[in-house]
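A.B. asks: Quick one: structure below, then a few questions.
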Amino acid sequence: MGEVDTKGVVLLDFWVSAFGQRCRIALAEKGVEYEYREENVLADKSPLLLESNPVYKKIPVLIHDGNPVCESLVIVQYIDEAWPHRAPLLPADPYARAQARFWADFIDKKVRPPYADASHIDYSAVCSQHSLMVSFMYQFYECGTRLWKLKGEEQAAAKKVFIRILMRLEGELGDKKYFGGDAFGFVDVALVPFVPWFYTYETCAGFSVEEVAPKLVAWGKRCMERESVANALSDPHKVYEFAGVLKKRFGVE
Amino acid sequence: MAPPSDDLKLLGSWASSYTHRVQLALKLKGLAFEYAEEDLADKSPSLLLYNPVYEKVPVLLHRGRPVLESVIILHYLDETWPEVPLMPADPYDRALARFWCHFVDDKLGPAVGAVFASPSDGQAAAVEQVHENLRLVERELREGAFAGRRRFFGGDKIGVLDIVLGCGSYWLAVFEEVMEVKLVDPEAFPLFHSWLRDFEEQEEVKAIIPAIDRLLEYARGVRQMMLGLSTRQQ
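For the protein sequence lines, the chains are R and G, in the order given. Under my numbering, the first residue of the first sequence carries the number 26, and numbering increases by one thereafter. Under my numbering, the first residue of the second sequence carries the number 318, and numbering increases by one thereafter.
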C-alpha cells in the first residue's frame with residue numbers, strides 16, 4: 026500500500042513529461058495545492074504507481090483524496106470539473122467544448138503513436154524491466170522520434186508529416202490569442218508542454234518551426250508569460266540533453 | 318431549455334461501431350435525426366468537407382456544424398440535451414468513465430481488430446492480447462470502482478461507457494465465428510459476459526445493432542480480402 030494520506034492531492038509525474046506538465050499547468054491555473062512526487066522512469070515503477078494505474082502503469086497519475094485519475098487529458102478535465110469556480114479550462118458552450126476536445130484529441134493522436142507504428146527498434150525487448158520508460162518513449166516520440174532517430178529518406182518523410190501537423194495547428198490557431206479565443210484553455214494546456222521539444226526536433230531534423238508555424242511560436246511565447254506554464258515547462262536545452270540520454274540508452278546513433 | 322433537434326444529421330456507416338454509438342445515444346435521448354450512409358470506399362464531398370482532418374465517420378451535423386469523433390459527439394449530445402443523461406454527475410465518476418472509454422479505443426478495440434487481421438499463425442498472440450485487456454475490464458467489474466454498480470457501468474441504465482464498450486463488443490461474437498477462436502469464455506469473464514448480455518437485450522440496442530448474419534457476411538468478406546492481399550504479397 027502506498028504511503029500517501031487519504032486526503033489531499035498528489036501528482037505522480039516525471040520532470041520532463043509533457044503529459045505530466047499538462048496536469049501541473051491545470052492545477053496551477055486553479056490554484057490547487059498538491060504534492061508532487063517524482064517517478065524515476067529510468068528505474069523501477071513505485072508500488073504506488075502500479076497500484077494507482079494498473080492498466081497503463083504510467084505517469085501522470087493524479088490522486089485526489091486517495092482516488093486515482095489516469096490519462097493526462099482525463100486528469101485535466103477532472104481538475105476542471107472538481108475545481109469549477111476558478112479559471113475554467115473548457116468553455117461553457119457545448120459546441121466550443123466539442124471543438125476543444127477535438128483538437129486536444131488530435132494532439133494526442135499525433136503525439137502518442139500506435140504501437141505498431143512507433144519505431145523500428147523493439148524497445149520492449151531492449152528494456153523489458155523499464156516498461157515505464159518504453160511507454161514514456163512511445164508517448165513522446167511519434168514524429169518526434171522519427172525526427173531524431175531516423176536518417177536520410179525516413180527522416181525526411183517524418184519531417185514532412187510533422188510539418189503538416191504543425192501547419193494544421195497553425196491554421197487552427199489563426200490570429201487568436203489562444204486556441205479557444207481570448208481565454209487560455211484546454212487545447213493550450215494540451216499542446217504547450219510540447220513547445221520545449223521543438224528545439225530538439227529542429228536540431229535533429231534540420232528545419233525551423235518558426236518558418237513553418239510563426240503564429241504557433243508566438244502563441245508559445247505568450248503562454249510562457251503565464252506563471253503556470255513558465256513553472257511547468259522544461260528548458261529546451263535540458264529536453265535536448267534528455268533526448269541525448271535516451272538516444273544513448275537505446276543505442277540510437 | 319433544450320434546443321429542438323430538428324436539424325440533426327448523422328453521416329455514418331452501417332457496419333461502423335463508432336456510428337452505432339452515436340445512433341444509440343440519439344435513440345436513448347429520443348432525438349430525431351436524418352441519417353446519410355457513407356460509402357467509405359467512395360467518400361462523399363460532405364464527409365471530406367466536414368471532416369478534412371480524418372475523413373471518417375461518424376460526423377454529426379447540428380445546424381450545419383460538424384461534431385467529430387464518437388466519444389466527443391456523445392459528450393456534445395449529453396451537454397446539449399441533458400435529459401436522459403449519459404455521463405454521470407460526479408466529477409470522479411466522470412473521470413472513470415472517460416478513462417475506460419479511452420481504454421476501449423486505445424487498447425481493447427485495437428486488440429480485437431488485431432485478432433481479425435492476424436495471419437493464421439499469429440492468432441494466438443493476438444487472442445492473448447484481447448484476453449489480457451478483457452481481464453482488466455473483468456477485474457474492474459469485480460473489484461474496481463464499478464464493482465457492485467448494478468447492471469451497467471452507468472448504473473440501472475446504460476451510460477456512456479456501456480455505449481462505447483458495448484457498441485463494438487458484438488464484433489467479439491462475429492470474430493469468434495469467422496476466426497474460429499474463443500474470445501469471451503463466460504467462465505473466464507463472467508461479469509463481462511453477463512454485462513454484455515444485458516446490454517444486448519436492451520430494446521434500443523437491439524434496434525441499432527445490425528443483424529448478426531449481415532455482420533458475419535461483412536466480416537467474412539473483409540477477412541477474405543485481407544488473406545487474399547497477404548498471399549499476393551508473398
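Beta carbons: idealized from backbone N, C-alpha and C, even for Gly.
#1: If you draw a straight line from the alpha carbon of Ala183/R to that of Val384/G, how long is it in whole angstroms?
#2: Give the interface partners of Phe420/G over in chain R, defined as CB-CB distance under 7 angstroms, in chain order.
#3: Chain R partners of Tyr335/G, CB-CB under 9 angstroms?
#4: So, with DSSP's three-state summary, where would you put Ala342/G?
#5: Any beta carbon of chain G sitting closer than 8 angstroms to that of Phe161/R?
#6: Check whether the segment 385-402 of chain G touches the segment 442-458 of chain G, taking contact to mean three or more Cβ pairs, one atom from each stretch, closer than 8 angstroms.
#7: Cβ closer than 7 angstroms: which chain G residues qualify as neighbours of Cys95/R?
#8: Helix, strand or coil for Asn65/R per DSSP?
#9: Between which residues of its own chain and Leu532/G is the CB-CB distance below 6 angstroms, once the five residues before and five after are set aside?
#10: When you compare the CB of Ala230/R with every CB in chain G, is at least one pair closer than 8 angstroms?
#11: Express the C-alpha separation of Val217/R and Glu266/R in angstroms, rounding to a whole number.
#12: Please classify Ser149/R: does DSSP put it in a helix, a strand, or coil?
#13: Pro109/R by DSSP, collapsed to three states: which one?
#14: Would you report the Cα separation of Ala268/R and Pro261/R, rounded to the nearest angstrom?
#15: State the DSSP-derived secondary structure class of Ala441/G, mapped to helix, strand or coil.
#16: Roughly how many angstroms lie between the CA atoms of Leu378/G and Glu355/G, to the nearest whole one?
#17: Is the beta carbon of Ser486/G closer than 8 angstroms to that of Leu513/G?
#18: Return yes when the Cβ of Leu191/R is within less than 8 angstroms of the Cβ of Val234/R, no when it is not.
#19: In the DSSP assignment, what are the bridge partners of Tyr352/G?
#20: Applying the criterion that 16 or more other CB atoms from any shown protein chain within 10 Å of the CB defines a buried residue, is Glu534/G buried or exposed?
#21: Going by other Cβ atoms of all chains shown within 10 Å of its Cβ, with 16 needed for buried, is Ile529/G buried or exposed?
#22: My parser needs the beta strand (DSSP E) runs of 3 or more residues fully inside the segment 405-440 of chain G; what are they?
C.D. replies: This is what the structure gives:
#1: Using only the alpha carbons, I get a separation of about 29 angstroms.
#2: Simply Val80.
#3: Near Tyr335/G there are no residues of chain R at all, since even the closest Cβ is about 13 angstroms away, more than 9 angstroms.
#4: When DSSP states are grouped into helix, strand and coil, Ala342/G belongs to the helix group.
#5: Low confidence applies to Phe161/R: its pLDDT is 37, below 50, so where it sits in the model is not reliable, and the reading given next is rough at best. So, not an interface residue.
#6: Contact fails: fewer than three Cβ-Cβ distances are below 8 angstroms.
#7: The answer, in chain order, is Phe416.
#8: Residue state, collapsed to three classes: coil.
#9: Setting aside the 5 residues that flank it on each side, Leu532/G is surrounded in the same chain by Val491, each with a C-beta closer than 6 angstroms to its C-beta; the list follows chain order.
#10: No - not a single Cβ of chain G is within 8 angstroms of the one on Ala230/R.
#11: The C-alpha of Val217/R is placed about 19 angstroms away from the C-alpha of Glu266/R.
#12: Only weak support is given to the placement of Ser149/R: the predicted model assigns it a pLDDT of 34, under 50, and the question is left unresolved by the model.
#13: Of the three classes helix, strand and coil, the one that applies to Pro109/R here is coil, per DSSP.
#14: Ala268/R and Pro261/R have their C-alpha atoms some 10 angstroms from each other.
#15: Here Ala441/G carries a helix assignment [DSSP, helix/strand/coil].
#16: Roughly 14 angstroms between the two C-alpha positions.
#17: Going by C-beta atoms, Leu513/G is nearer than 8 angstroms to Ser486/G.
#18: In this structure, the beta-carbon distance from Val234/R to Leu191/R falls below 8 angstroms.
#19: Paired residues: Leu327/G.
#20: Exposed, because fewer than 16 other Cβ atoms sit within 10 Å of the Cβ of Glu534/G.
#21: Exposed, because fewer than 16 other Cβ atoms sit within 10 Å of the Cβ of Ile529/G.
#22: None, since the segment 405-440 of chain G contains no complete beta strand (DSSP E) of that length.
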